[in-house]
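The structure under discussion appears below in the form of structure tokens.
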Amino acid sequence: MPSASAPPQIELIGVRKEFGDGRNRVVAVEGADLSVGDGELFAILGPSGSGKTTLLRLIAGFEQPSAGTVKLGGTDVTALPPARRDTNTVFQQYALFPHMSVAQNVEYGLRVRGVGKDERRRRAAEALEMVQLSGHTTRKPAELSGGQQQRVALARALVGRPRVLLLDEPLGALDLKLREQMQIELKAIQREVGITFVIVTHDQDEALTLCDRLVVLNGGRIEQIGAAREVYENPANRFVADFVGSSNVLDAETAETMLGRHGTFAIRPERIQVLDAGAGAPDGLHSVTAEVDEVVYAGPITRVAATVTGAARLPQPVRLTATLLSAEASAGIAHATPVVLAWPDSAVRDLNVTSIKGQKE
């Protein structure tokens with residue numbers, strides 16, 4: 413976790429990035445204001461084309477902003493090239509040298525900088541121990557698994573002891589089980605080395621699992637900044653509610669009928685109870701009757717989609733999705749069966765906020 417007294421390790425002030433000109437002009441990042449603390453594990457999250465990789469490249473120095481300021485450790489580095497910034501980058505394609513051994517790959521950057529042989533071997537050994545590859549120093553990249561190659565790339569980035577490590581979709585090439593394993597390992601490594609990690613990802617679960625805080629981008633604009641729990645439980649707007657996890661979004665007319673409120677609201681699927689139609693809803697809960705459309709078993713959880721039938725004057729059919737623990741899902745929940753959907757008022761999230769939430773002062 414970042415130190416409360418330390419200045420921001422990364423600070424973007426009004427950063428804008430355009431590509432092309434005239435009718436071919438594309439705005440990749442629009443007016444980004446962002447700060448990342450020293451020792452923080454921070455995620456840049458967004459769909460394809462949202463500007464997340466461009467934002468990372470602006471921090472690294474691979475792109476120059478069209479406007480605005482980039483600071484690292486309080487120093488203006490806007491005009492500095494990557495080699496003069498105290499950062500290192502791990503790309504999705506690990507770009508390991510196939511003719512070099514693991515140890516030689518990790519040492520390479522130190523050798524280019526003129527670090528002596530004994531020193532670079534010692535530091536490479538420390539970095540490889542950190543990523544649990546001490547016994548693989550003489551192997552070539554082709555002899556390693558995808559997860560091992562990813563750890564070599566991480567060791568190569570860490571051996572130079574940067575103040576900021578930038579990771580662009582670092583786990584994107586791995587299968588699901590290995591991704592989940594590497595998420596845990598990556599978080600442990602970041603905690604051990606204590607430097608600032610910034611991770612670009614389009615995977616919402618990965619961002620929520622890994623980060624202290626995250627920023628959600630859409631079309632080059634910042635939609636929300638905040639702690640993982642805050643962004644998930646209190647999305648700033650409809651885009652965040654839909655993109656980070658899944659939500660049942662109630663538009664103005666539907667909310668007026670079902671909730672008695674004006675505006676647009678969201679309910680997370682795991683907050684909805686699915687009850688037998690004959691049981692009725694417990695006191696103090698919002699409830700509607702519905703008919704089950706689909707029941708999807710997904711191991712530890714079961715997803716139930718149902719169309720609301722019991723709310724009068726609905727402007728159009730409303731389908732709600734609930735997520736239940738499979739161990740608690742009733743065997744009677746099946747296609748075309750009537751049910752009651754119920755949720756507490758605390759589960760209803762207001763999506764009528766237009767300002768960005770969560771930016772650190």
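Numbering (this note's numbering), first residue to last: 413 to 773. Even for Gly, the Cβ is constructed at its ideal location relative to N, Cα and C.
Apart from sequence neighbours up to five positions away, the residues of its chain that approach Pro-419 with a beta-carbon distance below 8 Å are Asp-450, Gly-485, Gly-486, ordered along the chain.
Check the Cα spacing between Val-502 and each of Arg-563, Val-707, Ala-689: the tightest is with Arg-563. About 16 Å separates the beta carbon of Leu-457 from that of Leu-598, a gap too long to meet the 8 Å contact definition. Cβ atoms of Leu-577 and Leu-570 come within 8 Å of each other, at about 7 Å. The alpha carbon of Pro-712 has as its nearest neighbour, out of His-698, Thr-676, Ala-619, Ala-741, the alpha carbon of Ala-741. With fewer than three CB-CB distances shorter than 8 Å, the stretch 591–606 does not count as touching the stretch 512–525.
Thr-613 and Ser-658 have their C-alpha atoms spaced approximately 17 Å apart.
DSSP places Glu-635 inside the beta strand (DSSP E), whose first and last residues are 633–639.
DSSP places Val-514 inside the alpha helix (DSSP H), whose first and last residues are 514–524. In its chain, beyond the 5 residues on either side, Ala-565 have a beta carbon closer than 8 Å to the beta carbon of Ala-507. DSSP, reduced to helix, strand and coil, places Thr-550 outside both helices and strands of the structure shown, so it counts as coil. Each of Val-448, Pro-553, Val-441 was checked against the Cα of Gln-476, and the nearest Cα belongs to Val-441.
In the three-state reduction of the DSSP assignment, Asn-764 falls in the coil class, being assigned neither a helical nor a strand state. With fewer than 16 other beta carbons inside 10 angstroms of its own, Asp-617 counts as exposed. A direct Cα-to-Cα measurement between Gly-690 and Lys-589 gives close to 41 Å.
Judged by DSSP secondary structure, Arg-625 falls within the beta strand (DSSP E) whose first and last residues are 625–630.
Sixteen is the threshold: when 16 or more other Cβ atoms of the shown chains lie within 10 Å of the Cβ of Ala-653, as they do, the residue is buried. By the Cβ-count criterion, Gly-526 is exposed, with fewer than 16 other Cβ atoms from all chains shown falling within 10 Å of its own Cβ.
Taking C-alpha positions only, Arg-731 is separated from Met-542 by approximately 49 Å.
Excluding the 5 residues flanking it on each side, Gln-516 has same chain C-beta neighbours closer than 8 Å at Phe-509, in chain order.
With a threshold of 16 other beta carbon atoms within 10 Å, Thr-733 meets it and is buried. Counting only runs of 3+ residues, the beta strand (DSSP E) found wholly inside the stretch 450–479 occupies 453–457, in chain order. In the structure shown, Ala-536 adopts helical secondary structure according to DSSP, grouped into three states. Per DSSP, reduced to three states, the secondary structure at Gln-685 is strand. Contact between Leu-468 and Asp-580 is confirmed by a C-beta separation of about 6 Å, below the 8 Å threshold. When the five nearest sequence neighbours on each side are left out, the beta carbons in the same chain lying within less than 7 Å of the beta carbon of Asn-764 are those of Gly-675, Thr-676, in order along the chain. In summary, Thr-666 is buried, with 16 or more beta-carbon neighbours lying within 10 Å of its beta-carbon over all protein chains present. Within the same chain, Val-514, Ala-515 come within 6 Å of Thr-549 by CB-CB distance, once the 5 residues on both sides are set aside. Contact between the stretch 697–714 and the stretch 641–656 is absent: fewer than 3 CB-CB pairs across the two stretches fall below 8 Å. The continuous stretches of beta strand (DSSP E) do not include Ala-567, which lies in the alpha helix (DSSP H) extending over residues 558–570.
Positions of the beta strand (DSSP E) runs, each at least 3 residues long and wholly inside the stretch 663–730, are given as 677–679, 685–688, 698–710, 713–720 in order along the chain. Between Arg-428 and Gly-480, the C-beta spacing is below 8 Å. Taking Ala-495 as the centre and dropping the five residues before and after it, the same chain places no C-beta closer than 6 Å to its C-beta. For the 8 Å CB-CB criterion, Val-752 and Ile-679 do not form a contact.
Your pair Phe-655 and Pro-459 checks out as a contact, with CB atoms roughly 7 Å apart and the cut at 8 Å. Around the beta carbon of Phe-454, a 10 Å sphere encloses 16 or more other beta carbons of the protein chains shown; the residue is thus reported as buried.
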